[in-house]
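Asks: Please see the structure below; I have some questions.
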Amino acid sequence: CSGCSLNAALDCPPIIGEAEEFFESRRVTGFKLHTADVVEWRCRAKLAVRGTAERPLVGLYAARSHDVVDIPMCRAHHPRLNAAAAVVRSVINDMGIEPYDEETGQGMLRYIQLALTTNDTSIPAAERYLKGKVQLTLVWNSSNEKSPLAEKLPALCRELWRRGGAEDRVLHSVWVNFQTSSSNVIFGGRWRHMIGPTDMWERLGGVDVCFTPGSFGQANYKAFDAMLKHLHSLIPRRSSVVELYAGAGAIGLSLAATTQCNVRCYEINEAARAPFTRSLERLQPLLRHPAAVAWHQADAEAPVESHLDILLDADVVLVDPPRRGLHEPVMAALLHAARYAGRLSQQHSDSQDSSIARSERRRDGSSGSSGGRAANGLTLVYISCGWDAFQRDCDKLTQDGLFHLSHASAFNFFPGTNSIETLAIFTTAKPHA
Numbered sequence: 010c011s012g013c014s015l016n017a018a019l020d021c022p023p024i025i026g027e028a029e030e031f032f033e034s035r036r037v038t039g040f041k042l043h044t045a046d047v048v049e050w051r052c053r054a055k056l057a058v059r060g061t062a063e064r065p066l067v068g069l070y071a072a073r074s075h076d077v078v079d080i081p082m083c084r085a086h087h088p089r090l091n092a093a094a095a096v097v098r099s100v101i102n103d104m105g106i107e108p109y110d111e112e113t114g115q116g117m118l119r120y121i122q123l124a125l126t127t128n129d130t131s132i133p134a135a136e137r138y139l140k141g142k143v144q145l146t147l148v149w150n151s152s153n154e155k156s157p158l159a160e161k162l163p164a165l166c167r168e169l170w171r172r173g174g175a176e177d178r179v180l181h182s183v184w185v186n187f188q189t190s191s192s193n194v195i196f197g198g199r200w201r202h203m204i205g206p207t208d209m210w211e212r213l214g215g216v217d218v219c220f221t222p223g224s225f226g227q228a229n230y231k232a233f234d235a236m237l238k239h240l241h242s243l244i245p246r247r248s249s250v251v252e253l254y255a256g257a258g259a260i261g262l263s264l265a266a267t268t269q270c271n272v273r274c275y276e277i278n279e280a281a282r283a284p285f286t287r288s289l290e291r292l293q294p295l296l297r298h299p300a301a302v303a304w305h306q307a308d309a310e311a312p313v314e315s316h317l318d319i320l321l322d323a324d325v326v327l328v329d330p331p332r333r334g335l336h337e338p339v340m341a342a343l344l345h346a347a348r349y350a351g352r353l354s355q356q357h358s359d360s361q362d363s364s365i366a367r368s369e370r371r372r373d374g375s376s377g378s379s380g381g382r383a384a385n386g387l388t389l390v391y392i393s394c395g396w397d398a399f400q401r402d403c404d405k406l407t408q409d410g411l412f413h414l415s416h417a418s419a420f421n422f423f424p425g426t427n428s429i430e431t432l433a434i435f436t437t438a439k440p441h442a
């Protein structure tokens with residue numbers, strides 16, 4: 010199938026050599042690739058359902074085609090994802106559920122989404138990852154549950170639940186998403202919870218994070234958790250942090266819980282607000298004050314001025330953009346904020362060198378500091394899933410000396426592919442540099 014492009018050296022994809030050269034040329038030391046498991050690592054998957062009821066195909070498209078390759082024993086998948094997909098195949102066959110046909114637009118079941126939760130506290134901690142449960146979403150070819158095509162849905166979900174709970178329960182819950190579009194967009198806008206718990210929780214970066222079926226979540230839990238823990242060591246405690254492209258807030262919540270930072274999360278997708286709120290409710294008793302973390306809706310393509318308002322008073326800005334990189338208004342706002350931070354830093358440096366200022370500080374007992382940003386400048390944390398876009402954005406951020414690249418690490422989020430997740434730290438250049 011198209012899921013993996015590498016069959017060997019999964020812990021060292023070829024792209025890492027290019028990344029090492031890139032960061033060496035920019036005088037960044039200590040760059041390395043962090044790899045967790047290279048098999049059975051994938052904890053989330055969207056699979057196409059094609060073929061016939063007698064011989065359903067549940068898998069990924071072959072490269073450069075819409076021909077589905079059945080992947081019943083995918084080595085990248087956590088075993089529980091394969092087990093849940095096997096339950097779906099058997100029920101499709103036994104109940105005569107017709108898979109979707111792209112050419113005719115007919116059929117019932119278009120896709121399934123499998124999302125693992127390993128946060129069952131009733132299971133001993135050492136066994137939770139292996140015995141995770143799967144939140145199953147059926148993408149159904151009708152506009153809603155009242156459509157004639159949806160008549161089989163209740164019985165289908167009951168049978169999935171029955172088989173998914175035999176002996177060792179595999180399924181956490183079953184959801185339905187309704188989609189009739191002929192486009193390549195997998196999900197429609199209408200969701201229906203059918204059976205099982207409504208919320209799915211995962212422990213990431215030292216905090217419980219709530220996910221609904223429509224939430225974005227990283228597929229490689231162990232690699233993502235390792236990246237979050239590495240990030241904690243790079244962010245000064247009690248910083249004022251703004252996170253853009255925040256999704257359901259997993260990164261921001263993790264920082265608030267472990268580094269005592271004040272965090273404001275911004276995300277365009279309003280659907281991410283509800284799971285964030287539930288995560289915050291669980292976290293709040295551990296925070297040093299109720300206002301330590303908040304979520305706001307914001308559009309990355311909004312005018313630059315709106316982003317400048319968002320960045321006001323931030324010591325740290327964290328961005329985790331899509332594969333294509335930073336939107337132009339976000340880039341422009343970051344560069345503007347860097348210029349402002351540079352001026353503050355210059356003023357702070359001048360005041361530190363002024364004998365008059367020193368005597369004034371001795372007289373009134375003040376430190377002369379005008380805040381964390383004045384003393385330390387602005388820190389930008391860039392988490393990238395698109396290597397080409399990161400290189401372009403890195404050059405834009407550093408070309409006028411407004412930011413300099415001070416740290417970089419890579420994480421192997423997708424073993425079997427020639428890709429890396431990059432974590433980079435930029436700081437505003439010191440005026441005397």
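Numbered according to our numbering, the sequence shown terminates at residue 442, and the numbering increases by one at each position without gaps. C-beta atoms are modelled at their ideal positions from N, C-alpha and C, and glycine is treated no differently.
Output the boundary residues of the beta strand (DSSP E) element that contains residue 121.
Replies: Here residue 121 corresponds to residue number 112 of the sequence shown, with the count starting at 1. Per DSSP, residue 121 belongs to the beta strand (DSSP E) from 118–126.
Asks: Could you check how far apart the C-beta atoms of residue 119 and residue 109 are, in whole angstroms? I think they sit under 8 angstroms.
Replies: Translated into the one-based positions of the sequence shown, residue 119 becomes position 110. Translated into the one-based positions of the sequence shown, residue 109 becomes position 100. Contact holds; Cβ gap of about 4 angstroms.
Asks: Hey, residue 214 and residue 156 are a contact pair by Cβ (cut 8 angstroms); roughly how many whole angstroms apart?
Replies: Taking the first residue of the sequence shown as 1, we reach residue 214 at position 205. Taking the first residue of the sequence shown as 1, we reach residue 156 at position 147. Not confirmed; about 41 angstroms, so no contact.
Asks: Does the separation of the CB atoms of residue 29 and residue 40 fall below 8 angstroms?
Replies: Taking the first residue of the sequence shown as position 1, residue 29 is located at position 20. Taking the first residue of the sequence shown as position 1, residue 40 is located at position 31. In this structure, residue 29 sits near residue 40, with a CB-CB distance shorter than 8 angstroms.
Asks: Under the DSSP definition of a beta bridge, which residues are partnered with residue 149?
Replies: To locate residue 149, count along the sequence shown from 1; it is residue 140. 118, 187.
Asks: Grab the span of the beta strand (DSSP E) containing residue 418 for me, first residue to last.
Replies: Translated into positions along the sequence shown, residue 418 becomes position 409. Counting along the chain, the beta strand (DSSP E) containing residue 418 begins and ends at 412–420.
Asks: Please name the residue or residues paired with residue 102 in a DSSP beta bridge.
Replies: Reading the sequence shown from its first residue, position 93 is the one you call residue 102. Residue 102 is not bridged to any residue.
Asks: Among 96, 436, 420, which one has its Cα closest to the Cα of residue 20?
Replies: By one-based count along the sequence shown, residue 20 stands at place 11. Taking only the C-alpha atoms, the option nearest residue 20 is 420.
Asks: Helix, strand or coil: how does DSSP classify residue 41 here?
Replies: Taking the sequence shown and counting its residues from 1, one reaches residue 41 at position 32. Correct three-state label for residue 41: coil.
Asks: Taking buried to mean at least 16 other C-beta atoms within 10 Å of its own C-beta, is residue 79 buried or exposed?
Replies: Working through the sequence shown from its first residue, we reach residue 79 at position 70. Under this definition residue 79 is a buried residue.
Asks: Does residue 431 come out as helix, strand or coil in the three-state DSSP assignment?
Replies: Looking up residue 431 in the sequence shown gives position 422. Strand at residue 431.
Asks: Name the DSSP bridge partner or partners of residue 293?
Replies: Locating residue 293 in the sequence shown gives position 284, where the first residue counts as 1. Paired residues: none, contrary to the question.
Asks: Can at least three beta-carbon pairs, one atom from the region 235–245 and one from the region 192–211, be found at a separation below 8 angstroms?
Replies: no
Asks: If you draw a straight line from the C-alpha of residue 140 to the C-alpha of residue 50, how long is it?
Replies: Against the sequence shown, residue 140 aligns to sequence position 131. Against the sequence shown, residue 50 aligns to sequence position 41. The straight-line gap from Cα to Cα measures roughly 14 angstroms.
Asks: Can you give me the C-alpha to C-alpha distance between residue 232 and residue 303, rounded to a whole angstrom?
Replies: For this step, residue 232 is matched to residue 223 along the sequence shown. For this step, residue 303 is matched to residue 294 along the sequence shown. Spanning the two alpha carbons is a distance of roughly 26 angstroms.
Asks: Between the alpha carbons of residue 66 and residue 129, how many angstroms are there, rounded?
Replies: For this step, residue 66 is matched to residue 57 along the sequence shown. For this step, residue 129 is matched to residue 120 along the sequence shown. If you take the alpha carbons of residue 66 and residue 129, they lie about 31 angstroms apart.
Asks: Just to confirm my understanding: we take residue 122, look at its own chain, exclude 5 residues before and 5 after, and list those with CB closer than 6 angstroms. What are they?
Replies: Counting from one through the sequence shown, the residue named residue 122 turns up at place 113. Same-chain partners within the cutoff: 55, 146.
Asks: Candidates 223, 13, 70, 63: which alpha carbon is nearest residue 47's?
Replies: As a first step, residue 47 must be located in the sequence shown, where it is residue number 38. Residue 13 holds the alpha-carbon nearest to the alpha-carbon of residue 47 among 223, 13, 70, 63.
Asks: Suppose you measure from the CA of residue 73 to the CA of residue 164; what does that come to, to the nearest Å?
Replies: Counted from its first residue, the sequence shown places residue 73 at position 64. Counted from its first residue, the sequence shown places residue 164 at position 155. About 36 angstroms.
Asks: Would you kindly check if the distance between the Cβ of residue 124 and the Cβ of residue 143 is under 8 angstroms?
Replies: Stepping through the sequence shown from its first residue, residue 143 is reached at position 134. Stepping through the sequence shown from its first residue, residue 124 is reached at position 115. A contact, by the Cβ cut-off of 8 angstroms.
Asks: Assuming residue 259 and residue 179 form a contact by the criterion Cβ under 8 angstroms, report the distance between their Cβ atoms to the nearest whole angstrom.
Replies: Translated into positions along the sequence shown, residue 259 becomes position 250. Translated into positions along the sequence shown, residue 179 becomes position 170. About 24 angstroms separates the two Cβ atoms, so there is no contact after all.
Asks: Determine the direct distance from the alpha carbon of residue 89 to that of residue 83, and round the result to whole angstroms.
Replies: Along the sequence shown, one-based indexing puts residue 83 at 74. Along the sequence shown, one-based indexing puts residue 89 at 80. Residue 83 and residue 89: Cα-Cα distance of roughly 11 angstroms.
Asks: Taking all protein chains shown into account, do 16 or more other C-beta atoms lie within 10 angstroms of the C-beta of residue 34, making it buried, or fewer, making it exposed?
Replies: Residue mapping note: residue 34 aligns to position 25 of the sequence shown, counting from 1. When all chains shown are included, residue 34 counts as exposed.
Asks: Relative to the C-alpha of residue 111, which residue among 71, 60, 104 is closest?
Replies: On the sequence shown, residue 111 is found 102 positions in, with the first residue counted as 1. Of the candidates 71, 60, 104, the one whose C-alpha sits nearest the C-alpha of residue 111 is 60.
Asks: Verify whether the separation of the beta carbon atoms of residue 148 and residue 186 is less than 8 angstroms.
Replies: By 1-based counting over the sequence shown, the position of residue 148 is 139. By 1-based counting over the sequence shown, the position of residue 186 is 177. Contact flag set, yes.
Asks: Hey, residue 387 and residue 350: beta-carbon distance below 8 angstroms or not?
Replies: As a first step, residue 387 must be located in the sequence shown, where it is residue number 378. As a first step, residue 350 must be located in the sequence shown, where it is residue number 341. A contact, by the Cβ cut-off of 8 angstroms.
Asks: Considering only residues of the same chain and omitting the five flanking positions on each side of residue 422, which have a CB-CB separation below 6 angstroms?
Replies: Position 413 of the sequence shown holds residue 422. So the list reads 229, 232, 430, once near-sequence residues are dropped.
Asks: Starting from residue 166, trace the beta strand (DSSP E) in both directions and tell me its first and last residue.
Replies: Within the sequence shown, residue 166 is the residue found at index 157, counting from 1. Residue 166 -> not in any beta strand (DSSP E); alpha helix (DSSP H) instead, spanning 162–173.
Asks: Here's the rule I'm using: 16 or more other beta-carbon atoms within 10 Å means buried, otherwise exposed. How should residue 333 be labelled?
Replies: The residue given as residue 333 occupies position 324 in the sequence shown. Under this definition residue 333 is an exposed residue.
Asks: Inspect the beta-carbon positions of residue 443 and residue 389 and report whether they are closer than 8 angstroms.
Replies: Because the chain in this structure spans residues 10 to 442, residue 443 falls outside the shown range and cannot be described.
Asks: Would you mind stating whether residue 435 and residue 412 have Cβ atoms separated by less than 8 angstroms?
Replies: Start at 1 with the first residue of the sequence shown, and residue 435 comes out as number 426. Start at 1 with the first residue of the sequence shown, and residue 412 comes out as number 403. Yes. Within cutoff.
Asks: Contact check, residue 257 vs residue 196 under 8 angstroms by CB: the rounded distance?
Replies: On the sequence shown, residue 257 is found 248 positions in, with the first residue counted as 1. On the sequence shown, residue 196 is found 187 positions in, with the first residue counted as 1. At roughly 16 angstroms, the Cβ-Cβ gap does not stay under 8 angstroms, so residue 257 and residue 196 are not in contact.
Asks: With DSSP as the reference, identify every bridge partner of residue 328, one or two as the case may be.
Replies: Taking the sequence shown and counting its residues from 1, the one referred to as residue 328 is at position 319. The partner list for residue 328 (beta bridge, DSSP) reads 253, 391.
Asks: Assign residue 374 to buried or exposed, taking buried as 16 or more other Cβ atoms, counted over all protein chains shown, within 10 Å of its Cβ.
Replies: The count along the sequence shown starts at 1 and reaches residue 374 at position 365. Bear in mind that a pLDDT of 41 at residue 374, under 50, signals an unreliable position, so the number given afterwards is only what the model happens to contain. That one is exposed.
Asks: With DSSP run on the structure shown, which of helix, strand or coil describes residue 195?
Replies: Indexing the sequence shown from 1 puts residue 195 at position 186. Here residue 195 sits in coil by DSSP.
Asks: Output the distance between the C-alpha atoms of residue 250 and residue 295, rounded to the nearest integer angstrom.
Replies: Locating residue 250 in the sequence shown gives position 241, where the first residue counts as 1. Locating residue 295 in the sequence shown gives position 286, where the first residue counts as 1. Computed Cα separation, rounded: 18 angstroms.
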